[in-house]
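What follows is a set of notes on a single structure, which appears directly below.
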Amino acid sequence: MGIAEILLALSVLVLVVVVAIPVLLILGTAFFVDGHFNIKDVVQVLTEPDTYEALKNSLVIAAGVTLFSTFIGVFFAWLVSRTDLPFKGTMKLLFLIPFMLPSFIGALAWKMLLSPRSGYITKLLMSSFGLESAPFNIYSLAGIIAVETMYLFPFVFIQVSGALERMDPTLEESARISGAGLFTITRRITLPLMMPSIGAGALLVALYSLAHFGVPAILGSEVGIYNIPTKIYERIYQSGGNFSAIRTATILSTILVVSAGVILYLQSFILKAGRFQVISGKSMRPVLLKLRGMKIPLLILSIIYIAITVVLPTVTIFMVGTLKTYGLEFTAANMTLDNIKYILFEWKMTQDAIWNSFYISLAAALVTMLVGTLISYVIVKMKVRGKFLLEFLGVLPFSLPGTVIALGVILMWSGRFGVNLYNTAWIILIAYIARYMAFSLKSNSAALEQVHDSLEEAARACGATHWQALKDIVIPLIKPGMVAAFFLIFLPALRELTTSVLLYGPKTRTIGVAIYTLNEDGETVYAAALASVALVIIVIGQLVIKRVTRSKLEGE
Amino acid sequence: MSYVKLEHVTKRFGKVTAVSDLNIDIEQGECFSMLGPSGCGKTTTLRMVAGFEDLDEGEISVGGRLLSSSVKKYYLPPEKRNFGMVFQAFAVWPHLNVFDNVAFPLQIRGLSRTEIAERTRKAILHTGLEKYETAYPNEISGGQKQRIALARAIAINPSVMLLDEPLSNLDPKLREEMRFEIKDLQRKFGFTIIFVTHDQSEAMALSDRILVMRDGVAQQVGTPLDIYTKPANRFIFSFIGLSNFLPATVADGAIYVANSEACGPVTCDLPSNLPPGPRITLACRPSEIELTRDDGIRGFIKQKTYLGDIIDYRVMIGATEVRVQKSRKSALFAKGENCCLRFNRPHFYLQEHVVP
Amino acid sequence: MASVRLEKVCKAYGKHTVVHDLSMTIQDGECFTFLGPSGCGKTVVLRMIAGFEQPDSGEIWIGDTLVSSPARGVFLPPEKRRIGIVFQDYAVWPHKTVAENIIYPLTIQKVTRAEAAERTARTVAMVGLEGLGDRLPFQLSGGQQQRVALARALISRPQIMLLDEPLSNLDANLREEMRFEIKELQKNTGVTILYVTHDQEVALAISDRMAVMDENGVIRQVGAPDDIYEKPADSFVFKFMGVSNFIPLEWRSGSVYVMGSDSVLDCPLDAEQIEAVRSGTLVAGCRPHDVDLSAKVSDNWGVVRRAVYLGPVMDYRVSVGKVEIRAQKDIYEVLTKSCIFREGDTVGLRFFDLKWFREKELAVAAEAAQ
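Protein chains in written order, with our numbering: chain E, 183 to 738; chain V, 269 to 624; chain D, 3 to 372.
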């Protein structure tokens with residue numbers, strides 16, 4: 183029994199250090215000046231025109247993105263799951279691609295295509311139609327909303343298509359036999375039953391958008407459109423990291439945390455309301471709607487959508503990355519592989535960035551996987567009081583935006599407790615661990631829950647001690663879950679920007695930071711080249727995951 | 269005058285023929301079951317009557333009204349057929365309360381508010397759900413969910429009720445209760461019931477007539493008593509109730525258990541319609557075999573298991589094992605004893621490949 | 003092979019006492035069943051004997067070894083108790099092959115490879131799994147997985163075998179088959195078996211002795227299957243062991259009537275029983291098979307309310323006044339004696355093999371139900 187308590191204490195300690203203290207520090211810094219509770223400053227900061235504007239923009243962007251993502255997500259989910267659209271399997275995969283690609287790279291691509299002065303499409307349209315000024319301005323709220331939507335709608339798509347496919351078909355059949363036609367069934371039965379999934383997806387989109395740095399940074403900062411994460415970044419970098427700026431940042435962070443909290447609360451509310459048991463036990467496939475005349479037009483629509491939102495930006499990135507100079511026409515004479523060679527084999531900055539991203543993400547994934555497994559074991563399998571504390575601490579950072587975690591980590595590890603990790607890779611590592619611990623806990627808990635107690639007990643009855651049972655039975659069975667957790671963290675960490683942009687030092691750039699700063703410095707071509715490399719790495723990584731997870735499943 | 273008529277109905281899924289040349293005549297007000305193992309085509313047939321699947325060949329009509337015909341290229345969709353249907357997993361809508369669930373088909377038909385309320389209440393009353401009118405499905409038990417499904421189906425006063433294994437998700441006690449309730453409802457409202465099940469005791473308890481199906485082909489239609497006492501073939505015999513199949517031989521006007529001729533002949537009247545050939549199969553129920561001291565074919569008690577009211581014997585006739593069930597009071601033999609067996613109502617079939 | 007002895011074992015979860023002061027002995031080589039409704043505590047008893055739970059008080063002995071005693075500070079962990087256990091969900095390890103599953107106990111005991119291989123082969127043959135050694139569990143049927151669990155439990159030659167509802171996830175035919183196999187295995191190896199189930203049919207079929215527990219964990223009766231079935235100690239045991247009729251009685255004008263009816267009980271009662279009827283504490287019980295219906299209406303009569311054909315039997319619900327009696331008759335008998343009754347028929351009744359229960363609560367409850 184003593185060992186269980188020790189493990190519990192250790193786990194709590196880890197989570198407190200990694201999660202709780204940073205959050206408390208943020209709140210403390212925001213609301214306490216010289217030890218006194220001070221709300222005046224908070225109000226003052228919030229009512230400054232600058233910050234007020236940023237807050238408004240955040241909400242407008244989030245609202246817009248959520249709205250459009252929901253429409254597009256539901257539409258395509260319905261198309262793929264409930265109609266006889268041809269090539270459905272392929273379409274489903276293609277719709278999921280935006281999920282894998284970093285949205286700030288997408289923003290980069292759209293900047294190259296629709297920038298009012300030098301965008302390739304802009305130039306094409308202007309010359310074709312003889313326009314005097316650009317028809318679209320990508321540097322706008324509308325532009326930000328459009329690009330974010332392209333990359334976030336899969337949240338809704340996945341939830342809704344999954345729910346539609348697993349829904350008990352007799353729920354709709356019983357409506358049919360009761361006399362209802364397709365339209366009535368969709369209106370009165372299908373849609374209401376989908377609400378929880380739609381809601382869950384939409385809220386995820388809102389949560390993500392509020393906390394997002396990359397797209398508003400690339401498409402908004404140049405023209406003075408800020409949301410909260412970009413405002414925080416601007417303040418800190420403008421001031422060179424002085425304390426007053428950090429304080430302002432913590433106050434702004436609090437808004438982020440509060441809004442994230444509200445959204446998560448709403449989500450749990452909706453999920454509870456979705457107590458519906460709509461999932462069928464029998465594997466019956468739902469009856470598909472015959473599209474008939476609309477089949478080809480809708481297929482073409484889907485293909486065009488994918489072409490515009492996935493293929494076009496990706497191709498643009500690759501092509502711009504091969505230009506000798508930005509703005510040139512795409513002819514063979516103007517294109518070269520030298521850029522790629524340069525960033526991969528000659529330029530230290532980019533080489534460092536790639537190397538940094540790899541080893542920090544690898545370390546973060548490894549540590550999070552192992553610690554997550556331990557903590558999950560305590561939560562799921564051990565009978566100790568106080569487990570709820572672990573669960574709470576574990577899930578907490580999931581709701582914290584990357585910016586907030588970065589800030590918290592800055593406050594905690596910049597000399598306050600005697601250890602100064604600022605501008606080192608360590609601080610990024612710690613931030614990643616905090617950020618992704620929740621994923622590891624979820625994945626490992628799920629795997630552990632699949633390992634029924636009776637499997638361990640059967641081993642004990644065969645003569646195995648507790649430790650032998652763990653080694654021979656439990657660990658082999660949760661290995662797939664652990665591996666899944668590893669990749670679930672490694673890839674997102676590899677390509678992320680929001681957190682590391684606040685923590686990087688001259689020698690500790692990550693890939694995301696490198697691409698971003700290259701763009702800021704006007705080195706568009708190199709930015710694109712590095713982005714191409716990043717995309718290739720990500721795609722390879724995804725394929726590896728698929729191969730590994732599938733083989734694990736088959737091996738069982 | 270048959271009310272529900274299926275003529276030469278065939279349905280294929282790709283290369284598989286799910287239903288093959290099916291002909292059914294159901295009387296009005298009858299409780300008609302389709303019984304068979306999973307995959308026999310009973311559910312597909314029900315779904316064709318409901319309209320969720322369309323037949324490939326044949327015709328279906330109800331009450332003289334044509335529903336589907338391959339020759340005339342006619343197909344009436346389910347929402348226009350006016351049937352009541354109850355599904356295995358209840359299919360009760362979780363986002364609507366009991367009242368709204370039951371009222372749904374009436375609302376679709378555009379009846380007046382008062383009429384909807386009146387007929388809904390009536391259906392709810394008939395299924396004993398008055399106390400739960402405003403409750404939601406997740407707040408009530410499985411049995412009551414099934415009653416919602418029933419109420420919703422009878423609310424429109426259908427002429428035909430289609431029931432797709434409606435009781436298999438309920439626990440045994442509830443199942444019995446619901447059987448009676450369904451029968452009572454039929455008596456009150458007078459609709460025709462087409463019932464699909466894989467549970468033979470359920471089919472027997474409920475039905476006026478049963479159709480036994482296998483691999484898409486109709487095997488036998490008859491009353492429960494007929495099916496049990498005069499099964500047309502070996503499959504039906506084994507599917508309904510416990511059974512013994514003994515390979516037997518016919519020689520010198522007597523029947524012997526194959527390879528156990530030394531035990532003596534099977535003592536029973538040689539039926540006139542004995543299948544031809546020296547090799548046949550003797551089928552009999554464990555409860556229809558007498559164990560005596562010296563009257564019958566000789567055997568040896570290999571196993572005696574006490575099951576409460578019933579004693580289960582495994583008796584060896586030579587090398588063939590026979591299962592005998594006797595009531596507690598008449599189980600006089602102990603394990604290891606010799607005995608004689610008499611078959612009360614044996615059936616004889618062609619020597620066939622053993623049916624699993 | 004060992005006996006199991008429980009002395010005044012108690013176990014509570016929070017305020018809820020699950021096992022009350024349980025004392026009993028399971029003989030060496032016996033097949034003993036704990037039978038009771040779900041949640042009655044029978045599994046807790048099994049887990050305490052296995053060592054996965056500890057009693058709050060009392061002592062547990064396996065053979066001559068004290069394995070659990072909170073008072074004396076003794077607790078032998080499960081791995082040292084030399085038990086074999088088969089769980090309801092088989093608990094066959096999905097990442098190990100059939101052979102690896104079965105041989106595991108021997109690898110823990112560090113048995114030599116040669117001996118382990120030989121014993122595995124023998125045990126595999128014993129449970130009928132020859133040729134399947136290299137398969138993974140997901141490739142096996144439910145029944146085969148159950149046999150793997152059995153083999154794994156038997157191979158280390160345990161002192162006792164604990165089976166926790168091992169057959170409930172199998173279909174009816176397979177259940178019967180496995181029942182026989184378990185009994186055969188026990189006969190061949192002589193191991194003591196403790197079986198836990200809620201299915202009274204299994205209990206009757208395999209046990210040498212059984213204990214019937216009620217939903218509160220109280221043991222109502224211990225004995226051989228036929229004793230339990232034919233001489234139930236109280237109405238709970240009677241009801242639990244099979245479909246049952248309870249017939250409340252009353253005394254009117256010198257005769258024993260079925261309560262609230264004009265039907266006179268056809269069985270003679272002695273003076274003590276008559277006195278009990280008069281004071282309202284006597285209830286008769288009988289099985290549906292022990293109720294005879296005849297076309298000849300006698301003093302003991304009733305009206306058929308439902309006649310349902312169930313295949314091998316005909317199931318009748320007969321109302322006697324407000325009491326409903328259930329009767330089942332073998333279909334062959336019914337056909338040959340031509341006594342198929344229909345709803346509304348008045349029939350004469352004869353009760354055989356009545357059991358008598360003196361329970362005030364039961365009589366009161368029966369009356370309240372009218």
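Every residue gets a Cβ at the ideal spot worked out from N, C-alpha and C, and that includes glycine.
Taking the CB atoms as reference points, tell me whether residue i and residue j lie closer together than 8 Å.
{"i": "K357 of chain D", "j": "C269 of chain D", "result": "no"}
{"i": "A236 of chain E", "j": "Y408 of chain E", "result": "yes"}
{"i": "P614 of chain V", "j": "L550 of chain V", "result": "yes"}
{"i": "L673 of chain E", "j": "G723 of chain E", "result": "yes"}
{"i": "A286 of chain V", "j": "G352 of chain V", "result": "no"}
{"i": "G554 of chain E", "j": "L652 of chain E", "result": "no"}
{"i": "T388 of chain V", "j": "V360 of chain V", "result": "no"}
{"i": "R610 of chain V", "j": "I557 of chain V", "result": "yes"}
{"i": "V256 of chain E", "j": "I371 of chain E", "result": "no"}
{"i": "I445 of chain E", "j": "I326 of chain E", "result": "no"}
{"i": "K307 of chain D", "j": "E345 of chain D", "result": "Here the sequence assigns Arg to residue 307 of chain D, which means Lys is not the residue at that position. The answer is yes: Cβ separation under 8 Å."}
Under 8 Å, Cβ to Cβ, is there at least one residue of chain V near residue i?
{"i": "G244 of chain D", "result": "yes"}
{"i": "D268 of chain D", "result": "no"}
{"i": "Y15 of chain D", "result": "no"}
{"i": "Y231 of chain D", "result": "yes"}
{"i": "D228 of chain D", "result": "yes"}
{"i": "H634 of chain E", "result": "no"}
{"i": "R344 of chain D", "result": "no"}
{"i": "E203 of chain D", "result": "yes"}
{"i": "H200 of chain D", "result": "no"}
{"i": "L131 of chain D", "result": "no"}
{"i": "Y197 of chain D", "result": "no"}
{"i": "G313 of chain D", "result": "yes"}
Could you give the C-beta distance for residue i and residue j, rounded to a whole number, given that I count them as a contact under 8 Å?
{"i": "A345 of chain E", "j": "T248 of chain E", "result": "Incorrect: roughly 18 Å between the Cβ atoms, too far for contact."}
{"i": "A742 of chain E", "j": "I660 of chain E", "result": "Past the boundaries of the shown model lies residue 742 of chain E; chain E is included only from 183 to 738, so the question cannot be answered."}
{"i": "P346 of chain V", "j": "I359 of chain E", "result": "5 Å"}
{"i": "P204 of chain E", "j": "A393 of chain E", "result": "Contact flag wrong, Cβ pair sits at about 16 Å."}
{"i": "T109 of chain D", "j": "L138 of chain D", "result": "About 18 Å separates the two Cβ atoms, so there is no contact after all."}
{"i": "A357 of chain V", "j": "T352 of chain E", "result": "6 Å"}
At the 8 Å Cβ level, is residue i part of the contact set with chain E, yes or no?
{"i": "H97 of chain D", "result": "yes"}
{"i": "I333 of chain D", "result": "no"}
{"i": "I462 of chain V", "result": "no"}
Tell me, please, whether the CB atom of residue i is closer than 8 Å to any CB atom in chain D?
{"i": "E738 of chain E", "result": "With a pLDDT of only 40 at E738 of chain E, under 50, the local geometry of the prediction cannot be trusted, and no value is derived from it."}
{"i": "V622 of chain V", "result": "Below a pLDDT of 50, predicted positions are generally treated as unreliable, and V622 of chain V, at 41, falls in that range; the measurement from the model is reported next regardless. Taking Cβ atoms only, chain D never reaches closer than 8 Å to V622 of chain V, which makes this a no."}
{"i": "T731 of chain E", "result": "no"}
{"i": "P231 of chain E", "result": "no"}
{"i": "G331 of chain V", "result": "no"}
Just grab the DSSP bridge partners of residue i for me.
{"i": "D166 of chain D", "result": "D:V198"}
{"i": "Q517 of chain V", "result": "Position check: residue 517 of chain V holds Thr in this sequence, whereas Gln was assumed. BP columns for T517 of chain V point to V:Y524 and V:R547."}
{"i": "P250 of chain D", "result": "D:V285"}
{"i": "S213 of chain V", "result": "Residue numbering for chain V in the displayed model covers 269 to 624; residue 213 of chain V lies beyond these limits and cannot be assessed."}
Out of the options, state which residue places its alpha-carbon closest to the alpha-carbon of residue i.
{"i": "I433 of chain E", "options": "E:Y234, E:N701 and E:E678", "result": "E:Y234"}
{"i": "A546 of chain E", "options": "E:A289, E:L589 and E:A620", "result": "E:A620"}
{"i": "A191 of chain E", "options": "E:D223, E:R567, E:A716 and E:F253", "result": "E:R567"}
{"i": "A709 of chain E", "options": "E:A607, E:W529 and E:W649", "result": "E:W529"}
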